[in-house]
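Engineer: Have a look at this one before I ask anything.
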Amino acid sequence: MRGLAVFISDIRNCKSKEAEIKRINKELANIRSKFKGDKALDGYSKKKYVCKLLFIFLLGHDIDFGHMEAVNLLSSNKYTEKQIGYLFISVLVNSNSELIRLINNAIKNDLSSRNPTFMCLALHCIANVGSREMAEAFAGEIPRILVAGDTMDSVKQSAALCLLRLYKTSPDLVLMGEWTSRVVHLLNDQHMGVVTAAISLITCLSQKNPDEFKTCVSLAVSRLSRIVSSASTDLQDYTYYFVPAPWLSCKLLRLLQCYPPPEDGAVKGRLVECLETILNKAQEPPKSKKVQHSNAKNAILFEAISLIIHYDSEPNLLVRACNQLGQFLQHRETNLRYLALESMCTLASSEFSHEAVKTHIETVINALKTERDVSVRQRAADLLYAMCDRSNAKQIVAEMLSYLETADYSIREEMVLKVAILAEKYAVDYSWYVDTILNLIRIAGDYVSEEVWYRVIQIVINRDDVQGYAAKTVFEALQAPACHENMVKVGGYILGEFGNLIAGDPRSSPLVQFNLLHSKFHLCSVPTRALLLSAYIKFINLFPETKSTIQEVLRSDSQIRNSDVELQQRAVEYLKLSSIASTDVLATVLEEMPPFPERESSILAKLKKKKGPGAVSVNELEEGKREGGELNGGGERGGDSSAIASTPSPSADLLGLRAGPPVTAAAPSAGSLLVDVFSEAGVNDDGFLRFVCKNNGVLFENQLLQIGIKSEYRQNLGRMYLFYGNKTSVQFVTFTTTVTCPGDTLVLEPLIEGGAQVQQVINIECLTDFSDAPLLNIKFRYGGALQNLTLKLPVTINKFFQPTEMASHDFFQRWKQLSLPQQEAQKIFKANHAMDTEVLKAKLLGLGMALLENVDPNPENFVCAGVIQTKAQQVGSLLRLEPNAQAQMYRLTVRSSKDTVSKRLCELLAEQF
Amino acid sequence: MIGGLFIYNHKGEVLISRVYRDDIGRNAVDAFRVNVIHARQQVRSPVTNIARTSFFHVKRSNIWLAAVTKQNVNAAMVFEFLYKMCDVMTAYFGKISEENIKNNFVLIYELLDEILDFGYPQNSETGALKTFITQQGIKGQHQTKEEQSQITSQVTGQIGWRREGIKYRRNELFLDVLESVNLLMSPQGQVLSAHVSGRVVMKSYLSGMPECKFGMNDKIVIDKQGKGGTTDEPGKSGKQSIAIDDCTFHQCVRLSKFDSERSISFIPPDGEYELMRYRTTKDIILPFRVIPLVREVGRTKLEVKVVIKSNFKPSLLAQKIEVRIPTPLNTSGVQVICMKGKAKYKASENAIVWKIKRMAGMKESQISAEIELLPTNDKKKWARPPISMKFQVPFAPSGLKVRYLKVFESKLNYSDHDVIKWVRYIGRSGIYETRC
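From first to last, the protein sequence lines are chains A and B.
Under my numbering, the first sequence has 238 at position 238, and the numbering climbs by one with no breaks.
Heads up, my numbering is the position in the second sequence plus 913, with the first residue counted as 1.
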């Protein structure tokens, strides 16, 4: 096509954009006049002009004609003309064109022709366009071509890939069903090309419905073993630089990674043999010096190693894989080193190969120090983190710390977090831990987040044995002329709490300590200054001899008239406190901080947050799994916490990583940082008790979720509406709730209404009296983390009260009738709230009993009567509440026909007043 | 202030790069190339803002001149400077072309050093520059101390644009009134917008330090005279005078005198310079009228008929007339018939171009064309761009007339009468378009 060549060279020779546009306009006009011309164009010129149009389009100009001519080319019998026609259509025709019917028709003709090249062209066009319309028109046809016995191999290849493309764009239209088994059997095809194409299709399909394609495992294994065991000359065309069929092998290995290890012993044996052969081959001297040879070989090897890691069941193979990777760690190729480090990271989490990975620690540390590429260094750091355990923690942490001084800025923060976590997780000796973290702050203070130093303080406060050492160490650290603000914070806090422990030494006498801290005061930001002020007031308590000095400081204008409200307020209040309060009061107010409750390490949560949900390293997930709890880390510090560890663990669990017994994880109400001490059952009781005397309100609320409640009761039946409100902007996934009753006393029928899962109705029937409330368990996923929540539903026995009105003498008559000692329950307790008659009345009415006026001779006292309706029986109850305003005490007496009821009512009510 | 100045060829290769301020980095050169010269869409705006850096560009044939700044500068000043720079370069080495720039790059850097200092424009008067920046290389050895000090005193003195001691045997003066007339007209012949922008360009070859006075039929001046002096022929003078909307002067004009007396008096620079620039929008004489007639016959055919009428004195001749009739983008063939001149369909420009060499006033000419169209599946309707026209006429369409130009030189003995004066009017088309 000379004309085309001339045109292209003209365009290339254009001096400027304007000249190019002129040339193109001229050519377009020429083509228009040719297409318009009266005499019909022959195939050759049509092809030429369509080609030119295509070229102009690819230069970035709009083409709005010539489609018809291109479609005409499709029906030509010449290969080149057909090819150009298809090319034009796959590039330029948009799906809503009117021509689509004509095009589909032409494609259909080609598909049904016996000419394999034409069939291939048509298939390529379908795959290239890949639109929904194409899928609709041909999704039924292509599988037939794919499995037909008489189809040429090359066409089968194209058909498989075409089907894959259609499946990816519109999976709902490609229905395999009847073809499934025959597609799977393509793995047995004679032609390697067909197998390679088919395996891509099968991998994609089996990810969607693994069960249907289960049979492919054994076929894949046998195919793999045939390739692996073949000599390099067997597969002639498919041998690439002495490696037999590398692409096919990789794809087979990847397909196998979609499935668990084969259960059939023979198949498994064969597979293990294959994997061993691959590992053996890696040891052989290379057959060629060419880089392609080693690339192909290593591709298969890495894929095999991923499969071994995926199975995680063959200790022998895992260790061999690890050794193989160990060799790569020192390879010349940077890419290989990177891949080796990456694979090792996953290997480190397997229990079989963890030890083997650890043997390479020296090499990895060396890589961390000497590697030139920052991404490889990052991997090395990851691997060090993954391979760390109690035995090598000290070494690894020391190395990471020393590396931190020269580390790349992009990875510093992550490194700091990792060091902090490792130090905490594997600390045997807490003085070592304190040293490490203080070092960390000294080296990379800017990158130490708040969480890290919070954590040090928590730990120091919780462990008595380390407090003295910590105080000494911070005191020494603070003596450096320039120290980081975080160091000052830690120092201020610790000296404020435990400065007395080192005060005996004249070098660190109280005044020296104070002066040291105060010398840093002016260099710090406002929050740190506030913290230091608190430390000063603690000093006054610890060392009365410093009182005058500190009062002087507090009284100075720069404190008491500070422009910052917080600082000013602290200064004023502390000054007053120190001058007015007696030593006893001071000692009480400024008592040593109580130990913090154990909880999930906030640092770990931070690391997870940094990596984003879902990117939590395998190691941590494994850790979570092994310890039988779920990681509640949605990212909010203090929002989710775990109960105190109850699983037997080798040492005290610092991280709070281990959740308690599966059910007990719960969240405290609205973001209180320190108030996450749970009731003995680990179930949230606060909400529960509030509902004894009322039926509607908010049962539970945290950062994620709010649960509202509305309930009504009649006789022994009740209905409860639960309203779940999502407080985040993200969807909760797999939100499920289950209600369980202790014993059979209540019948609950949870009904989940609507798809929105906002409202849930629970029907309640009281069969007999009970004391344990039903439990509501809620599970959902938020940002990848599983949230688990157990709440007591506020269903109590008093809800089924029927009020009974009676006169004074009736009451006392019944009161006397219920005089057996077990029928009466009495409790004397202190008032929790103000003793307001109206409030008390409202509460008693809310209880469900009738409040009887003018019954008791003492008007201060309250008496009530009611009948509890259960299905089995009715329990009459009488109640008498005697407030004593002077002592702020109540005496509560409950009498009922059943002893358990009296007791339970008494328990419930005792918490209410 | 201007941070730097770059000159590119059509490919975007940098020919001249001069950075005056540190806030302009090397990457600014590439930013302009990538975002303007090589932009996918043609960049129409002369000011481009890329990453908080402003690029002001002008294009001369294939050459791009771009001034760069990070500050909030007076854009008009920058463009004025760029135009001045073009003038200076033209005065030194003729046409601004890639080859000329490459051949004179030392000179250009020298000029840039002189006319722009730390981004502040300096003396850019060609005449003055030529005294100390020469194309013959360094002349330092030949220049005497006296001459050097003279240059200094001239450049820093009150009359920086003219040196003393100029002598001509014949004192001559050329004055050109150059105007370009812009028009946008509706198909029905209604004027939508019209204005004339004109320039008065002088070439003076006068001895000594002459004082000149220029007079034209400015409405304000004429009215003043009519009021203050005799009241004869008020109608005539009112008709003859023109209203100038705005004007700018060469630095040699005494502005204080213009403000107070509305008289234009000055000591002219030697050689060629632009005395003033002005703009008028009222009572414009439109030299040509274009009457289009477009008829769509079905989906595949279009008939176009265009009539042009000349609208000035029959004794005058318009020259270089060119009418450009745009054709639709799916044109597949064109037949043209015209009575006068030559007409041709230019596919590369998507237009029919009709050229007439000469045409006298009060005449009429006509072209008709049949355009065949290729049916496309594109639903977009043809936008019908306006028909544009180019021409040149020997009068000023604004109506401006030179009333006098007086020369006084008291020290040398020649008077106003001895000076030979030439006046010429040229009216050209600017953007002269009629919608169809």
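Built from N, CA and C at the ideal position, the CB exists for glycine as well.
Please list, in chain order, the chain B residues whose beta carbon lies closer than 7 Å to that of alanine 29 of chain A.
Structural biologist: The count along the first sequence starts at 1 and reaches residue 29 of chain A at position 29. Within chain B, the residues near alanine 29 of chain A are Thr1244 and Ala1260.
Engineer: Can you tell me whether threonine 740 of chain A is buried or exposed, with buried defined as 16 or more other CB within 10 angstroms of its CB?
Structural biologist: As a first step, residue 740 of chain A is located in the first sequence; it is residue number 740 there, counting from the start. Exposed, since its Cβ has fewer than 16 Cβ neighbours within 10 Å.
Engineer: With DSSP collapsed to three states, give me the class of tyrosine 454 of chain A.
Structural biologist: In the first sequence, the residue the question calls residue 454 of chain A occupies position 454. It is helical.
Engineer: May I ask you to list the residues that DSSP assigns as paired with histidine 1108 of chain B?
Structural biologist: Translated into positions along the second sequence, residue 1108 of chain B becomes position 195. The partner list for histidine 1108 of chain B (beta bridge, DSSP) reads B:Asn1095.
Engineer: Would you call the CB atoms of phenylalanine 1225 of chain B and proline 1200 of chain B closer than 8 Å?
Structural biologist: In the second sequence, counting from the first residue as 1, residue 1225 of chain B sits at position 312. In the second sequence, counting from the first residue as 1, residue 1200 of chain B sits at position 287. Yes, the pair counts as a contact, with Cβ atoms nearer than the cut-off.
Engineer: Would you please verify whether the beta carbon of asparagine 25 of chain A is less than 8 Å from any beta carbon of chain B?
Structural biologist: Counted from its first residue, the first sequence places residue 25 of chain A at position 25. It does; some Cβ of chain B falls within 8 Å.
Engineer: Compute the distance between the beta-carbons of lysine 52 of chain A and serine 1261 of chain B, then report whether it is under 8 Å.
Structural biologist: In the first sequence, counting from the first residue as 1, residue 52 of chain A sits at position 52. In the second sequence, counting from the first residue as 1, residue 1261 of chain B sits at position 348. Not a contact, by the Cβ cut-off of 8 Å.
Engineer: Going along the stretch 1010-1026 of chain B in order, which residues come within less than 7 Å of chain A, judged by CB to CB distance?
Structural biologist: Listed by position along the chain: nothing, the set is empty.
Engineer: So histidine 970 of chain B contacts chain A; which residues on that side make the cut at Cβ distance below 9 Å?
Structural biologist: Locating residue 970 of chain B in the second sequence gives position 57, where the first residue counts as 1. Correct list: empty, because the minimum Cβ distance to chain A is about 15 Å.
Engineer: With a threshold of 8 Å, are at least 3 pairs of Cβ atoms found where one atom belongs to the stretch 875-887 of chain A and the other to the stretch 856-863 of chain A?
Structural biologist: As far as the Cβ criterion goes, the stretch 875-887 of chain A touches the stretch 856-863 of chain A, which means the pair count is three or higher.
Engineer: Rounded to whole angstroms, what's the CA-CA distance from histidine 360 of chain A to cysteine 322 of chain A? Just pull it up for me.
Structural biologist: As a working mapping, residue 360 of chain A is identified with position 360 in the first sequence. As a working mapping, residue 322 of chain A is identified with position 322 in the first sequence. Their Cα atoms are separated by approximately 9 Å.
Engineer: Below 8 Å on the Cβ atoms is my contact criterion, and I expect valine 915 of chain A with arginine 390 of chain A to pass it. Report the Cβ-Cβ distance as a whole number of Å.
Structural biologist: Any answer about residue 915 of chain A is impossible in this case: the structure gives chain A only from 1 up to 913.
Engineer: Under three-state DSSP, which class holds glycine 656 of chain A?
Structural biologist: One-based indexing of the first sequence puts residue 656 of chain A at position 656. Annotation note: pLDDT 37 at glycine 656 of chain A (below 50); position unreliable, no value reported.
Engineer: With C-beta atoms as the reference, is leucine 1029 of chain B less than 8 Å away from isoleucine 1204 of chain B?
Structural biologist: As a first step, residue 1029 of chain B must be located in the second sequence, where it is residue number 116. As a first step, residue 1204 of chain B must be located in the second sequence, where it is residue number 291. Not in contact: leucine 1029 of chain B and isoleucine 1204 of chain B (Cβ atoms no closer than 8 Å).
Engineer: Is the separation between the beta-carbon of valine 466 of chain A and that of serine 431 of chain A shorter than 8 Å?
Structural biologist: By 1-based counting over the first sequence, the position of residue 466 of chain A is 466. By 1-based counting over the first sequence, the position of residue 431 of chain A is 431. Against a cut-off of 8 Å, the Cβ pair of serine 431 of chain A and valine 466 of chain A comes out as a contact.
Engineer: Count Cβ pairs between the stretch 1120-1129 of chain B and the stretch 1317-1337 of chain B that sit closer than 8 Å; are there 3 or more?
Structural biologist: Result yes; three or more Cβ-Cβ pairs closer than 8 Å.
Engineer: To the nearest angstrom, how far is it from the Cα of phenylalanine 678 of chain A to the Cα of asparagine 788 of chain A?
Structural biologist: Counting from one through the first sequence, the residue named residue 678 of chain A turns up at place 678. Counting from one through the first sequence, the residue named residue 788 of chain A turns up at place 788. In this prediction, phenylalanine 678 of chain A scores a pLDDT of 31, lower than 50, which makes its location untrustworthy; no coordinate-derived value is stated.
Engineer: At the 8 Å Cβ level, is glutamine 39 of chain A part of the contact set with chain B, yes or no?
Structural biologist: Position 39 of the first sequence, counted from the first residue, corresponds to residue 39 of chain A. The sequence given here has lysine at residue 39 of chain A, not glutamine. No, lysine 39 of chain A lies away from the interface with chain B (no Cβ there is under 8 Å from its Cβ).
Engineer: Could you list which residues in chain B have their beta carbon closer than 7 Å to that of leucine 85 of chain A, in chain order?
Structural biologist: The residue given as residue 85 of chain A occupies position 85 in the first sequence. First, the amino acid is wrong: residue 85 of chain A is glycine here, not leucine. Neighbours of glycine 85 of chain A on chain B: none; closest Cβ ~17 Å, over 7 Å.
Engineer: Does the pairing of the stretch 86-96 of chain A with the stretch 122-131 of chain A give three or more beta-carbon distances under 8 Å?
Structural biologist: Result yes; three or more Cβ-Cβ pairs closer than 8 Å.
Engineer: Less than 7 Å between C-beta atoms, sequence neighbours within five positions excluded: which residues of the same chain meet that for glycine 1053 of chain B?
Structural biologist: Against the second sequence, residue 1053 of chain B aligns to sequence position 140. Residue placement at glycine 1053 of chain B is flagged as unreliable, the pLDDT there being 46, under the threshold of 50; a coordinate-derived value is accordingly withheld.
Engineer: Assuming arginine 1112 of chain B and aspartate 1183 of chain B form a contact by the criterion Cβ under 8 Å, report the distance between their Cβ atoms to the nearest whole angstrom.
Structural biologist: Position 199 of the second sequence holds residue 1112 of chain B. Position 270 of the second sequence holds residue 1183 of chain B. With a Cβ gap of about 19 Å, arginine 1112 of chain B and aspartate 1183 of chain B do not count as contacting.
Engineer: Can you pull the chain A residues whose beta carbon is under 7 Å from the beta carbon of asparagine 1263 of chain B, in chain order?
Structural biologist: As a working note, residue 1263 of chain B is residue 350 in the second sequence. Simply Asn25.
Engineer: Which residues of chain A have a Cβ atom closer than 7 Å to the Cβ of glutamate 1285 of chain B, listed in chain order?
Structural biologist: As a position in the second sequence, residue 1285 of chain B is number 372, starting the count at 1. Within chain A, the residues near glutamate 1285 of chain B are Lys36.
Engineer: In this structure, what does DSSP give as the bridge partners for asparagine 726 of chain A?
Structural biologist: The residue you call residue 726 of chain A lines up with position 726 of the first sequence. Answer is A:Leu705.
Engineer: Residue range of the alpha helix (DSSP H) that glutamine 551 of chain A falls in?
Structural biologist: As a working mapping, residue 551 of chain A is identified with position 551 in the first sequence. That run of the alpha helix (DSSP H) goes 547-555.
Engineer: Taking C-beta to C-beta, are methionine 1252 of chain B and serine 1278 of chain B nearer than 8 Å?
Structural biologist: By one-based count along the second sequence, residue 1252 of chain B stands at place 339. By one-based count along the second sequence, residue 1278 of chain B stands at place 365. Yes.
Engineer: For a contact defined as C-beta to C-beta under 7 Å, what are the partners of leucine 32 of chain A on chain B?
Structural biologist: Numbered from 1 along the first sequence, position 32 holds the residue referred to as residue 32 of chain A. According to the sequence displayed, residue 32 of chain A carries arginine and not leucine. The contacting residues are Asn1243, Thr1244, Ser1245 and Leu1287.
Engineer: Could you work out which residue in B:Met1189, B:Gly1102 and B:Leu1105 is closest to phenylalanine 1127 of chain B when comparing CA atoms only?
Structural biologist: The count along the second sequence starts at 1 and reaches residue 1127 of chain B at position 214. Cα-wise, what sits closest to phenylalanine 1127 of chain B is B:Met1189.
Engineer: For a contact defined as C-beta to C-beta under 8 Å, what are the partners of glycine 919 of chain A on chain B?
Structural biologist: Past the boundaries of the shown model lies residue 919 of chain A; chain A is included only from 1 to 913, so the question cannot be answered.
Engineer: Report, in whole angstroms, the separation of the C-beta atoms of isoleucine 1284 of chain B and leucine 1215 of chain B, which I expect to be a contact under 8 Å.
Structural biologist: Taking the second sequence and counting its residues from 1, one reaches residue 1284 of chain B at position 371. Taking the second sequence and counting its residues from 1, one reaches residue 1215 of chain B at position 302. Right, the Cβ-Cβ distance comes to about 4 Å (below 8 Å), so this counts as a contact.
Engineer: Alpha carbons only, please: which of B:Lys1233, B:Ile1238, B:Thr1065 and B:Val960 is nearest the one belonging to isoleucine 1339 of chain B?
Structural biologist: Taking the first residue of the second sequence as 1, we reach residue 1339 of chain B at position 426. The shortest Cα separation from isoleucine 1339 of chain B among B:Lys1233, B:Ile1238, B:Thr1065 and B:Val960 belongs to B:Lys1233.
Engineer: Mind listing the chain B neighbours of serine 16 of chain A? Cutoff is C-beta to C-beta under 9 Å, in chain order.
Structural biologist: Counting from 1 along the first sequence, the entry for residue 16 of chain A is found at position 16. Simply His923, Lys924 and Asn975.
Engineer: Could you say which of A:Ile21, A:Glu351, A:Ala887 and A:Gln823 lies nearest to cysteine 906 of chain A if we only look at CA atoms?
Structural biologist: For this step, residue 906 of chain A is matched to residue 906 along the first sequence. The shortest C-alpha separation from cysteine 906 of chain A is found at A:Gln823.
Engineer: Report the CB separation of histidine 310 of chain A from glutamine 257 of chain A in whole angstroms; it is logged as a contact under 8 Å.
Structural biologist: For the purposes of this step, residue 310 of chain A is taken as residue 310 along the first sequence, with counting starting at 1. For the purposes of this step, residue 257 of chain A is taken as residue 257 along the first sequence, with counting starting at 1. Yes, histidine 310 of chain A and glutamine 257 of chain A are in contact; Cβ-Cβ is about 5 Å, under 8 Å.
Engineer: Are glutamate 399 of chain A and leucine 422 of chain A closer than 8 Å when you measure CB to CB?
Structural biologist: Translated into the one-based positions of the first sequence, residue 399 of chain A becomes position 399. Translated into the one-based positions of the first sequence, residue 422 of chain A becomes position 422. It is not a contact, given that the beta carbons lie outside the stated cut-off.
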